[in-house]
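Per the UniProt record's numbering, residue 1 is the first one in the sequence shown, and the count goes up by one each step.
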Amino acid sequence: MEGNGGTAEYFEEMAKVSPETQEYLSMMNDEQLEAVVHEGSPLLILAGAGSGKTRVITTKIAYLIREKNVQPWQILAVTFTKKAANEMRERAIALDDRAASVHIKTFHSFGAWFLRLNAEDAGISPSFTVYDDDDAVSLIQKAVPGLKKTSASHFAHLISLAKDYCILPDDDELSEIDADPEFRKVYKLYQSRLRETGNVDFGDLILLPYLVLKENEDIRRRMQRKFRVLMVDEYQDSNVAQFKLLQELSGISEGSGNYICVVGDDDQSIYKFRGAEVKNILTFAEHFPNTKTIRLVRNYRSKAEILTVADDVVRNNSGRLGKTLLAARGSGKKPVLAFLKNQDEEAEQCVMAIKKDVEKGANWSDWAILYRTNAQSLTFETAFMQNKIPYQVVGSLKFYEREEVKDILAYLALLANPRDEIAFRRIVNKPARGIGPKAQDAIVEDERSSPVLMDDGAGLVKSCAALAPTFPKKARDGAESFCAMMDSFREEIGEEGTFLLGKSDDEEPSLDFGGEERAEETGTGNLSDLIRAIIEKSGLKEHYEAEDEISGTQKVANMMELTNGAVPFDCTRAGLLEFLDHIELDRTDDDDAHDKNKVTLITLHNTKGLEFRKVIMTGMEFGIFPRTDKTGDDLEEERRLCYVGMTRAKDILFLTCCASRRLYGRLEYMEMSPFLREISPDDINITCSRGQETRKRLFLESAHGKNGLSNAHKSGDSLAAKWRKGTRLYCDECGYGEIIRCGETEAGEFKITVKFETGEIKSFLPKYSAHKLEIIRD
Numbered sequence: 001m002e003g004n005g006g007t008a009e010y011f012e013e014m015a016k017v018s019p020e021t022q023e024y025l026s027m028m029n030d031e032q033l034e035a036v037v038h039e040g041s042p043l044l045i046l047a048g049a050g051s052g053k054t055r056v057i058t059t060k061i062a063y064l065i066r067e068k069n070v071q072p073w074q075i076l077a078v079t080f081t082k083k084a085a086n087e088m089r090e091r092a093i094a095l096d097d098r099a100a101s102v103h104i105k106t107f108h109s110f111g112a113w114f115l116r117l118n119a120e121d122a123g124i125s126p127s128f129t130v131y132d133d134d135d136a137v138s139l140i141q142k143a144v145p146g147l148k149k150t151s152a153s154h155f156a157h158l159i160s161l162a163k164d165y166c167i168l169p170d171d172d173e174l175s176e177i178d179a180d181p182e183f184r185k186v187y188k189l190y191q192s193r194l195r196e197t198g199n200v201d202f203g204d205l206i207l208l209p210y211l212v213l214k215e216n217e218d219i220r221r222r223m224q225r226k227f228r229v230l231m232v233d234e235y236q237d238s239n240v241a242q243f244k245l246l247q248e249l250s251g252i253s254e255g256s257g258n259y260i261c262v263v264g265d266d267d268q269s270i271y272k273f274r275g276a277e278v279k280n281i282l283t284f285a286e287h288f289p290n291t292k293t294i295r296l297v298r299n300y301r302s303k304a305e306i307l308t309v310a311d312d313v314v315r316n317n318s319g320r321l322g323k324t325l326l327a328a329r330g331s332g333k334k335p336v337l338a339f340l341k342n343q344d345e346e347a348e349q350c351v352m353a354i355k356k357d358v359e360k361g362a363n364w365s366d367w368a369i370l371y372r373t374n375a376q377s378l379t380f381e382t383a384f385m386q387n388k389i390p391y392q393v394v395g396s397l398k399f400y401e402r403e404e405v406k407d408i409l410a411y412l413a414l415l416a417n418p419r420d421e422i423a424f425r426r427i428v429n430k431p432a433r434g435i436g437p438k439a440q441d442a443i444v445e446d447e448r449s450s451p452v453l454m455d456d457g458a459g460l461v462k463s464c465a466a467l468a469p470t471f472p473k474k475a476r477d478g479a480e481s482f483c484a485m486m487d488s489f490r491e492e493i494g495e496e497g498t499f500l501l502g503k504s505d506d507e508e509p510s511l512d513f514g515g516e517e518r519a520e521e522t523g524t525g526n527l528s529d530l531i532r533a534i535i536e537k538s539g540l541k542e543h544y545e546a547e548d549e550i551s552g553t554q555k556v557a558n559m560m561e562l563t564n565g566a567v568p569f570d571c572t573r574a575g576l577l578e579f580l581d582h583i584e585l586d587r588t589d590d591d592d593a594h595d596k597n598k599v600t601l602i603t604l605h606n607t608k609g610l611e612f613r614k615v616i617m618t619g620m621e622f623g624i625f626p627r628t629d630k631t632g633d634d635l636e637e638e639r640r641l642c643y644v645g646m647t648r649a650k651d652i653l654f655l656t657c658c659a660s661r662r663l664y665g666r667l668e669y670m671e672m673s674p675f676l677r678e679i680s681p682d683d684i685n686i687t688c689s690r691g692q693e694t695r696k697r698l699f700l701e702s703a704h705g706k707n708g709l710s711n712a713h714k715s716g717d718s719l720a721a722k723w724r725k726g727t728r729l730y731c732d733e734c735g736y737g738e739i740i741r742c743g744e745t746e747a748g749e750f751k752i753t754v755k756f757e758t759g760e761i762k763s764f765l766p767k768y769s770a771h772k773l774e775i776i777r778d
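And the structure:
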């Protein structure tokens, strides 16, 4: 192993461990080994892209069990996707069978696990189901009648963000999310309606456990005694609520003596729009005293030249802890920057490069096209279809988000929680039974005004049956048949598989969903039988068969596919809840489509955690990547996104920059991305199509430093200093406006683009047009 200074103590530790442990520790480099054997204080592992962090986490789990006598059930390891959690579990078990008893979960599945155990303290039903984004929007519209869907979607996003920051409807800090008084009102009404249903949304899965732990000392102490070791993967993606939850669970500030280890990369924090807070990793040592920081800097994915270009860009961020990656795979080819005429030429060049490579024996799946926004995929899709290139768009509609699948899940959700208003409204009149919105409103109001016991079959179906005689004949018949059908489904569900919380702190408390005792052993049948009955008896099969025949869709096949996924789950209430958790909590996971032999088209955000032999990062223009409105911390996140994209490439990296692009129906002349100006010309090969030589010259002549500013900008050029983005001005011809974009043209002239209050957008060369423009001083 290569030395990194001060590692003698770790070699000494290896001499003490069992031969089995020595075998897997010998596979690690110095930094990895140091991280695995560390103990006694909080640990922050800064794991650079492709540095083997999963190996470190799983090896540390096995090491704690085998060598430090930590009981497996005392370890809680959390990450962000089910795919990552499954990989972590499989690799840990491969090192030590006892790792099967480690709690390895996603953050949200841990939240659901915790709330099932402590539902009463959280103020929810133990049979809750989890509302996704669409469900939340629907519930907001029911809580605030007359609210349009676009407004409801906006408020749903704000509410989700507030919960990510642990902000409740009555908190003063809510105005920091949005100062609109209507937001506070909508948030309150939504929360009230959500609690009436007994359900939770995704934000609640983190917020409610945090509140329970914070406010209930007995539960907090019990959990701290249970989980002596906390490990967090992808910590840079955590939000404020997740950070606060970890603080309460660890109990380190209360002298619990527990151990916490987080693994992440501040240079790969790219999910601020989802609530991720990069400050969690940047300030970890401030919140957890005596933190040891270990940097994993050996990259096992990319060639050295790719890492150099990526570092050229990301080093310009001020909000980072800092590290420089070393390429374990050695040197390769320099990345290539191509200056092209427009997006059609961009797609054409991609087609040519990929086809030529495949003709030489490469696979289609070696290649990935990366872009900043989904809309950019259309040109590539068109070109690939015309050239018969097999491709896949990663991030398209997921299986569990399809209409027909969500219909079946709504039946299951209503069976699990009879008060689930959103599920009830989705299925009660589908296919049409004559039970329109007014009848549905009456049923919901009747249920809301009546006390409900969750174990007596009460709820919306009972209210529907009670009101059915008052409906017109068609609605009455439809309601009665619907209620009878739901009763028959409920009768198929057994009661085996109860919730059990272990009493001893020395033993693993368990939440038994019947998972250990499957259908073959209990004799209850499996959940697929119930789903098959729902498909047949609900009328949905006939409904979608007609649609399949007309449009060639496969909706019936998709519904039947759901039965396959339900086979391992008992047809009991506990099995039903386990299945719904399994589905609802993992909808955000990416599928494995990128493993097929097709070219991958994918947004930069969706590439996180993936790798490809050859990558083309497209649209490297100001206004596309980054957008013109990105400044400060937002611009730094865009730069991290650029770094993530570059470090997906193993062998080959191309960057493309177009002189013009069709945007929103108009032809726009584009400036090169400031991120390109941060790359040293010595680190990259440059090509250009006919007519783009000027752009190549400008790139080579420009200085390369922080923020990607050109010579004119960096030398304090008077035009650049005076006519800056955001400056308000007045034009005799157009009125008041604001500079939304500025920079050099291909000819080296300084140009500004102004958006006027009339909506008109015009460009000027201040060197010649300053007499027409007056800067407004505040």
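Heads up, the beta-carbon is just placed ideally off N, CA and C, and yes, glycines get one too. As the structure is a computational prediction, the values presented were derived from the model and not from experiment.
Leaving out five residues on either side along the sequence, give the residues of the same chain with a beta carbon under 6 Å from the beta carbon of CYS688.
By one-based count along the sequence shown, residue 688 stands at place 688. Counting only Cβ-Cβ distances below 6 Å, and skipping sequence neighbours, we find PHE339, LYS696.
Going by DSSP, which residues form a beta bridge with VAL130?
Position 130 of the sequence shown holds residue 130. Its beta-bridge partners are VAL200.
Determine the DSSP secondary structure at GLU636, reduced to helix, strand or coil.
On the sequence shown, residue 636 is found 636 positions in, with the first residue counted as 1. Of the three classes helix, strand and coil, the one that applies to GLU636 here is helix, per DSSP.
Own chain residues within Cβ distance below 6 Å of LEU528, not counting five before or after:
Numbered from its first residue, the sequence shown carries residue 528 at position 528. According to the sequence as given, residue 528 is Ser; it is not Leu. So the qualifying residues of the chain are THR563, ALA566, VAL567.
I need the DSSP call for TRP367, collapsed to helix, strand or coil.
Locating residue 367 in the sequence shown gives position 367, where the first residue counts as 1. Note: TRP367 maps to strand in three-state DSSP.
Which whole-angstrom value is the C-beta distance of VAL428 and PHE482, which I expect to be below 8 Å?
The sequence position of residue 428 within the sequence shown is 428, counting from 1. The sequence position of residue 482 within the sequence shown is 482, counting from 1. At roughly 6 Å, the Cβ-Cβ gap stays under 8 Å, so VAL428 and PHE482 are in contact.
Please confirm whether LYS163 and GLY203 have their CB atoms less than 9 Å apart.
In the sequence shown, the residue the question calls residue 163 occupies position 163. In the sequence shown, the residue the question calls residue 203 occupies position 203. Their beta carbons are under 9 Å apart, which means LYS163 touches GLY203 by this criterion.
Could you give the C-beta distance for LEU44 and THR291, rounded to a whole number, given that I count them as a contact under 8 Å?
For the purposes of this step, residue 44 is taken as the residue at position 44 of the sequence shown. For the purposes of this step, residue 291 is taken as the residue at position 291 of the sequence shown. The pair is a contact, with the Cβ atoms about 5 Å apart (cut-off 8 Å).
Just mark ASP441 as buried or exposed, buried being the case when its beta carbon has 16 or more other beta carbons within 10 Å.
The residue given as residue 441 occupies position 441 in the sequence shown. Answer is exposed; the Cβ neighbour count stays below 16.
Cα-Cα separation between LYS334 and ILE652, rounded to whole angstroms:
Residue numbering aside, residue 334 sits at position 334 when the sequence shown is read from its first letter. Residue numbering aside, residue 652 sits at position 652 when the sequence shown is read from its first letter. Each residue's alpha carbon lies about 8 Å from the other.
Starting from LEU765, trace the alpha helix (DSSP H) both ways and give me its first and last residue.
By one-based count along the sequence shown, residue 765 stands at place 765. Where LEU765 is concerned, there is no enclosing alpha helix (DSSP H), given that its DSSP letter is neither H nor E.
Expressed to the nearest angstrom, what Euclidean distance is found between the alpha-carbon atoms of LYS388 and GLN343?
As a first step, residue 388 must be located in the sequence shown, where it is residue number 388. As a first step, residue 343 must be located in the sequence shown, where it is residue number 343. The straight-line gap from Cα to Cα measures roughly 19 Å.
What distance in whole Å lies between the Cβ atoms of VAL394 and ASN597, which are believed to be in contact at a cut-off of 8 Å?
Start at 1 with the first residue of the sequence shown, and residue 597 comes out as number 597. Start at 1 with the first residue of the sequence shown, and residue 394 comes out as number 394. In fact, because the Cβ distance is near 14 Å, the residues do not count as touching under 8 Å.
For TYR400, the three-state DSSP class (helix, strand or coil)
Here residue 400 corresponds to residue number 400 of the sequence shown, with the count starting at 1. Helix, per DSSP.
Reference ALA347; option with closest CA among ARG690, CYS731, CYS657:
For this step, residue 347 is matched to residue 347 along the sequence shown. Comparing Cα positions, the closest option is CYS657.
Going by DSSP, which residues form a beta bridge with ASN299?
Counting from one through the sequence shown, the residue named residue 299 turns up at place 299. Beta-bridge pairing links ASN299 to ALA327.
Per DSSP, GLU738 forms a beta bridge with which residues?
Position 738 of the sequence shown, counting from 1, holds the residue named residue 738. For GLU738, which the question treats as bridged, DSSP gives the partners ARG728, LYS755.
Leaving aside the five residues before and after LYS762 along the sequence, list all residues of the same chain whose C-beta is less than 6 Å from its C-beta, in chain order.
In the sequence shown, counting from the first residue as 1, residue 762 sits at position 762. Cβ neighbours of LYS762 beyond the five flanking positions: VAL754.
As a quick exercise: from ALA546, LYS555, MET560, GLN554, pick the residue whose alpha carbon is nearest that of ARG532.
The residue given as residue 532 occupies position 532 in the sequence shown. Taking only the C-alpha atoms, the option nearest ARG532 is MET560.
For TRP122, which residues in the same chain have their Cβ closer than 7 Å to its Cβ, ignoring the five residues on either side in sequence?
Taking the sequence shown and counting its residues from 1, one reaches residue 122 at position 122. Sequence check: residue 122 is Ala here, not Trp. These residues qualify, in order along the chain: LEU115, LEU208, VAL212.
Please report the distance separating the alpha-carbon of ARG728 from that of GLU637.
Taking the first residue of the sequence shown as position 1, residue 728 is located at position 728. Taking the first residue of the sequence shown as position 1, residue 637 is located at position 637. Approximately 26 Å between the Cα atoms of the pair.
When the Cα atoms are used, what is the spatial distance from THR628 to CYS261?
As a first step, residue 628 must be located in the sequence shown, where it is residue number 628. As a first step, residue 261 must be located in the sequence shown, where it is residue number 261. C-alpha separation (whole angstroms): 38 Å.
From GLU67, SER769, THR647, residue whose alpha carbon lies closest to that of LEU307:
Residue 307 sits at position 307 when you count from the first residue of the sequence shown. With distances taken between Cα atoms, LEU307 lies closest to THR647.
Taking the runs of the alpha helix (DSSP H) that are 4 residues or longer, which of them lie wholly in the stretch 61 to 127?
82 to 95, 107 to 117, 119 to 122
Should the stretch 15 to 23 be called in touch with the stretch 265 to 280, which here means at least 3 C-beta pairs below 8 Å?
no
Nearest CA to the CA of MET620: which residue from TYR669, PRO674, HIS582?
As a first step, residue 620 is located in the sequence shown; it is residue number 620 there, counting from the start. The option with the nearest alpha carbon to MET620 is PRO674.
Roughly how many whole angstroms lie between the Cα atoms of GLU39 and THR745?
Translated into positions along the sequence shown, residue 39 becomes position 39. Translated into positions along the sequence shown, residue 745 becomes position 745. Near 57 Å, if we compare the C-alpha coordinates of THR745 and GLU39.
What span of residues does the beta strand (DSSP E) with residue 785 cover, start to end?
Examination of residue 785 is not possible in this model, given that the chain is present from 1 through 778 alone.
Under 8 Å, with one C-beta from each stretch per pair, do the stretch 362 to 370 and the stretch 680 to 687 reach the 3-pair mark?
no
Taking the continuous beta strand (DSSP E) assigned at LEU168, which residues delimit it?
For the purposes of this step, residue 168 is taken as residue 168 along the sequence shown, with counting starting at 1. LEU168 -> no beta strand (DSSP E), and no H or E assigned at all.
Delimiting residues of the beta strand (DSSP E) encompassing SER660
One-based indexing of the sequence shown puts residue 660 at position 660. That run of the beta strand (DSSP E) goes 660 to 663.
I'd like to know whether the C-beta atoms of PHE399 and TYR391 end up nearer to each other than 9 Å.
For the purposes of this step, residue 399 is taken as residue 399 along the sequence shown, with counting starting at 1. For the purposes of this step, residue 391 is taken as residue 391 along the sequence shown, with counting starting at 1. In this structure, TYR391 does not lie closer than 9 Å to PHE399 by Cβ.
Below 8 Å, can you find three or more Cβ-Cβ pairs linking the stretch 279 to 286 to the stretch 62 to 72?
no
Relative to the alpha-carbon of THR126, which residue among ASN258, ASN199, ASP134 has its alpha-carbon at the smallest distance?
If you number the sequence shown from 1, residue 126 lands on position 126. Note on identity: in this sequence residue 126 is Pro, with Thr being the wrong assignment. Ranking ASN258, ASN199, ASP134 by Cα distance to PRO126 puts ASN199 first.
Which whole-angstrom value is the C-beta distance of GLU248 and TYR210, which I expect to be below 8 Å?
Position 248 of the sequence shown, counted from the start, is the residue given in the question as residue 248. Position 210 of the sequence shown, counted from the start, is the residue given in the question as residue 210. Their Cβ separation, rounded to whole angstroms, is 6 Å, which keeps GLU248 and TYR210 in contact under 8 Å.
In the DSSP assignment, the alpha helix (DSSP H) including GLY478 goes from what residue to what residue?
Translated into the one-based positions of the sequence shown, residue 478 becomes position 478. Residues 473 to 491.
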